[in-house]
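K.L.:
Number of protein chains: 4
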Amino acid sequence: MITTNQSQKRLEIIEVAAQEFAEKGFQTANINEIATKSGIGKGTIYLYFNTKKELYLATIQALVDQFNELSERLISMEISSSEKLALIIESFFELERERLPFLKLWARHQFHHDPVFPEEVSEIFNGLRQPLCEIIEQGVEKGVFFTSHPHVTGYIVLSMLVMLMPSLQLPNMVLFEREEERIPYVMELVNKVLHS
Amino acid sequence: MITTNQSQKRLEIIEVAAQEFAEKGFQTANINEIATKSGIGKGTIYLYFNTKKELYLATIQALVDQFNELSERLISMEISSSEKLALIIESFFELERERLPFLKLWARHQFHHDPVFPEEVSEIFNGLRQPLCEIIEQGVEKGVFFTSHPHVTGYIVLSMLVMLMPSLQLPNMVLFEREEERIPYVMELVNKVLHS
Amino acid sequence: MITTNQSQKRLEIIEVAAQEFAEKGFQTANINEIATKSGIGKGTIYLYFNTKKELYLATIQALVDQFNELSERLISMEISSSEKLALIIESFFELERERLPFLKLWARHQFHHDPVFPEEVSEIFNGLRQPLCEIIEQGVEKGVFFTSHPHVTGYIVLSMLVMLMPSLQLPNMVLFEREEERIPYVMELVNKVLHS
Amino acid sequence: MITTNQSQKRLEIIEVAAQEFAEKGFQTANINEIATKSGIGKGTIYLYFNTKKELYLATIQALVDQFNELSERLISMEISSSEKLALIIESFFELERERLPFLKLWARHQFHHDPVFPEEVSEIFNGLRQPLCEIIEQGVEKGVFFTSHPHVTGYIVLSMLVMLMPSLQLPNMVLFEREEERIPYVMELVNKVLHS
DNA sequence: AATGAATGAGGTTTCATTCAT
DNA sequence: GATGAATGAAACCTCATTCAT
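Protein chains in written order, with my numbering: chain A, 9 to 204; chain B, 9 to 204; chain C, 9 to 204; chain D, 9 to 204.
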């Protein structure tokens, strides 16, 4: 089908664009380079996206969709809140390997530091499910977790995870000597935060 | 004195530049606009800074210096670790009102999403004291705080504070209904993290 | 073929650039005007040459190559030294009509009054053959011409020719009333210089 | 006298400007640098000259006046044409040491390669006496020298001298190994040109 | 009279976008 | 459908010139 091919090509472009935008931000990212890395001509990009801005927004939208799909799966599993929490955290760290550009793009937005088209971008990210918030809120309701302002705590835990992702290479921050220490450390933190 | 005036003007430009760079990042920030907002001509900027890059680095350097001055004062006070910690957190929140652009610039760097001149920028931020890390490390040594990896925990607490600063306007994040709930909530979190 | 077209366009730009640079020198020459006179957009220049400097050097290089091609042909002819000398002089004057900008550019350099990138420019002009020097040196060796320092004399004769080119429009210099007097006059001079 | 001081200062500025313009040409020469090298403030230049162009023209005018003064002295001496010719040539070479910038400026104009304000500049140089032309013309009239087009020959001899001035550093031109060979060589050339 | 801080026109260069092939 | 040569708006930066002191 033409449609399928078109969809396929769109996604390929978005994949490459995500890397570019993640690495360089909207302004510095270069349409030509995205085309080259996609193995297509510069003009072809414009057959799929009218402007650079549109490509940017489409890229972010794709990220949100992918995230949400994963979140959906995790949230709807039939396990205890604590197990779900641990699972989400592990899944999040696993994203590093395969979805790094998407993570970077999200962090770039979440920490608000590439405020191009803030309204449009925010609208897209408004559709991002926050499984951490949801699971913590549920846990608090069930009396399994203890924290005031559970929704905010969800974001706080999220920020912890982000700071501890070595692939984001947060500068000037000395991390663990041994990689294996990370997950236990995170679980220690999170447990402290969610229990008395 | 000429020197005083020159220094004064430099600082005024830096003040405006900090806002521009904080809001838009290096690439998108516009020298012309910085000039206009400073109430001076475009060329005048170049009397004080040779290039846009130099202005950017000088701006960051000024931020670091100001931060360090404050940190120095706090760290050297003769009070208990817990009191010092509370003081630092409060001071940090107070920065919001007056030093917002500087905070944004730092966050932009810390979350690594404006990778212009990474070496030069990182070198400047290497000189940034981390009072939270220092006080937590000291507290752990004294047996007042409990956490593995105290340095990392310092950064984690920092990221909490950042996420909870309403002026940074982290997008898509619902914060407290009432402003007064913020500090108690933060202290609750931090106490949980630093005590068993 | 793409290559041919590209080469062709490059040459067209160089042709126009040669005129601009010849008339105004490197600094005063205006990229925008070169584009306009070439009938192309400003940005197009930069598809073929990365910088104004690169365009300048390429222009000079093209001049040298063209000169050398002509020199080669003349030098390798199987005629007597005197005939060769006369031929070179006539050819030189013929250059006026078609290669005026190139002549000007060379003169600008040779009389050393546009010292932009002296190293790079000199390196290019080092590759310029000096057929007058060569033929005079050969003639002296064969005993046909008489002059001390034949190589220097080659340059001297060259300077005579330059001064007598009306198209160079050397200022404040009254030339011949009748064009036809020029070549006989030059031959008279050169013969005097090369014979006792 | 105020007038004398003013005149004096004007001359000092012109002296420095001559060097700058000679070395860099009109466009590249820098008003600020001229001021600094003159030991005065940038604004002061504008008390004496309304524009950069005016300073340039004044500088050229001063050169012409100085040349003419020297020429006058030489031309009016009561010696034979041949002796006068030799004297002029020697004087010309002596100019190298003390009047190099002026020589460069003149050569820059004469070889027509900095055609800023061609009309104004040419008008000034129109007032430049050409002692070589004059003496050769006189010599031909008296039957001492032999050449057709004596005025043109004057210019030709002039161009020889210019090419042989090592201080002009004509590029890509190998000159004499020993400085002393220069004047005899020139006299050999000139004698050949002016005698049958 | 002398200054030099301030200015902004003008020049080079980049790059998203168009469109003829 | 796909391309990439061409474009020109927009950004940085320089420097002759002005003018308040």
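Just so you know, even glycine gets a beta-carbon here, dropped at the ideal spot from N, CA and C. Since the model is a prediction, treat every value here as computed from it, not as a measurement.
Using the Cβ count rule (16 or more neighbours within 10 Å means buried), how would you classify ILE10 of chain C?
P.N.:
Bear in mind that the predicted position of ILE10 of chain C carries a pLDDT of just 47, short of 50, making it unreliable; the figure below should be weighed with that in mind. ILE10 of chain C is exposed by the Cβ-count criterion.
K.L.:
First and last residue of the alpha helix (DSSP H) that includes SER156 of chain A?
P.N.:
For SER156 of chain A, no alpha helix (DSSP H) run applies, since DSSP gives it neither H nor E.
K.L.:
Once you ignore the five residues that flank THR52 of chain C on each side, which residues in its own chain have a CB closer than 6 Å to its CB?
P.N.:
none
K.L.:
What residues in its chain sit with their C-beta under 8 Å from that of TYR163 of chain A, if we drop five residues either side in the sequence?
P.N.:
GLN138, LEU140 and CYS141
K.L.:
Just checking my contact of ILE97 of chain D with LEU169 of chain D at CB under 8 Å: how many whole Å lie between their CB atoms?
P.N.:
7 Å
K.L.:
Determine whether the Cβ of PHE184 of chain B lies closer than 8 Å to any Cβ atom of chain A.
P.N.:
yes
K.L.:
So the alpha helix (DSSP H) THR67 of chain C belongs to, where does it begin and stop?
P.N.:
60 to 83
K.L.:
Between which two residues does the alpha helix (DSSP H) harbouring GLU127 of chain C extend?
P.N.:
126 to 134
K.L.:
Please identify the residue among D:MET171, D:LYS17, D:VAL165 and D:GLU62 whose C-alpha is closest to the C-alpha of ILE132 of chain D.
P.N.:
Measuring from the Cα of ILE132 of chain D, the nearest candidate turns out to be D:GLU62.
K.L.:
Quick one, are the C-beta atoms of THR59 of chain C and PHE29 of chain C less than 8 Å apart?
P.N.:
no
K.L.:
Going straight from the alpha carbon of ARG107 of chain B to that of GLU23 of chain B, what length do you get?
P.N.:
10 Å
K.L.:
Tell me whether SER204 of chain D is buried or exposed, calling it buried when 16 or more other Cβ atoms sit within 10 Å of its Cβ.
P.N.:
The residue is exposed, with fewer than 16 neighbouring Cβ atoms inside 10 Å.
K.L.:
Output, in sequence order along the chain, the residues in the segment 13 to 38 of chain B whose CB is closer than 8 Å to any CB in chain A.
P.N.:
GLU31, LYS32, GLY33, GLN35 and THR36
K.L.:
Roughly how many angstroms lie between the CA atoms of LEU113 of chain C and LYS92 of chain D, to the nearest whole one?
P.N.:
36 Å
K.L.:
For VAL160 of chain B, which residues in chain A fall below 9 Å Cβ to Cβ?
P.N.:
MET171, LEU172, MET181, VAL182, LEU183, PHE184 and TYR193
K.L.:
Taking 8 Å as the CB-CB cut-off, is GLN118 of chain D touching chain C?
P.N.:
At least one CB of chain C lies nearer than 8 Å to the CB of GLN118 of chain D.
K.L.:
Please state whether DSSP places GLN16 of chain C in a helix, a strand or coil.
P.N.:
helix
K.L.:
Could you spell out where the alpha helix (DSSP H) holding PRO139 of chain B opens and where it closes?
P.N.:
Counting along the chain, the alpha helix (DSSP H) containing PRO139 of chain B begins and ends at 139 to 150.
K.L.:
Going by alpha carbons, who is nearest to PRO158 of chain A out of B:GLU196, B:VAL165 and B:ASN38?
P.N.:
B:GLU196
K.L.:
Does LEU178 of chain B come out as helix, strand or coil in the three-state DSSP assignment?
P.N.:
coil
K.L.:
Identify which residue in D:SER156, D:GLU185 and D:PHE110 has its Cα closest to the Cα of LEU183 of chain C.
P.N.:
Closest by alpha carbon: D:SER156.
K.L.:
Using a cut-off of 9 Å between C-beta atoms, extract the partners of LYS61 of chain A located in chain B.
P.N.:
Within 9 Å Cβ-Cβ: nothing; LYS61 of chain A doesn't reach chain B, min ~13 Å.
K.L.:
For SER46 of chain D, count the other beta carbons within 10 Å of its own beta carbon; 16 or more makes it buried, fewer makes it exposed. Which is it?
P.N.:
buried
K.L.:
Take the Cβ of GLY49 of chain D as the centre, count every other Cβ of all protein chains shown within 10 Å, and call the residue buried at 16 or more, exposed below.
P.N.:
When all chains shown are included, GLY49 of chain D counts as exposed.
K.L.:
Please decide whether LEU82 of chain A counts as near chain B, where near means a Cβ-Cβ distance under 8 Å.
P.N.:
no
K.L.:
Apart from the five residues on each side of it in sequence, which residues of its chain come closer than 7 Å, Cβ to Cβ, to PRO174 of chain D?
P.N.:
Closer than 7 Å at Cβ, skipping near neighbours: LEU183.
K.L.:
Does any residue of chain B have a CB that is nearer than 8 Å to the CB of LYS200 of chain A?
P.N.:
yes
K.L.:
Around the Cβ of THR44 of chain B, are there at least 16 other Cβ atoms within 10 angstroms (buried) or fewer (exposed)?
P.N.:
exposed
K.L.:
Hey, how far is the Cα of GLU145 of chain A from the Cα of SER130 of chain A?
P.N.:
Taking the straight line from one Cα to the other gives about 23 Å.
K.L.:
Within the same chain, show all residues whose beta-carbon is closer than 8 Å to that of ASN38 of chain B, passing over the 5 residues directly before and after it, in chain order.
P.N.:
So the qualifying residues of the chain are GLU28 and LYS32.
K.L.:
What's the gap between the Cα of MET181 of chain D and the Cα of MET171 of chain C?
P.N.:
Rounded to whole angstroms, MET181 of chain D to MET171 of chain C spans 18 Å at the Cα level.
K.L.:
Using 8 Å as the threshold, is the C-beta distance between LYS200 of chain C and VAL201 of chain D below it?
P.N.:
yes
K.L.:
Beta-carbon separation of ILE143 of chain A and SER89 of chain A under 8 Å?
P.N.:
yes
K.L.:
Give me the Cα-Cα distance between LEU82 of chain C and PHE125 of chain C, rounded to the nearest whole angstrom.
P.N.:
One C-alpha to the other measures close to 31 Å.
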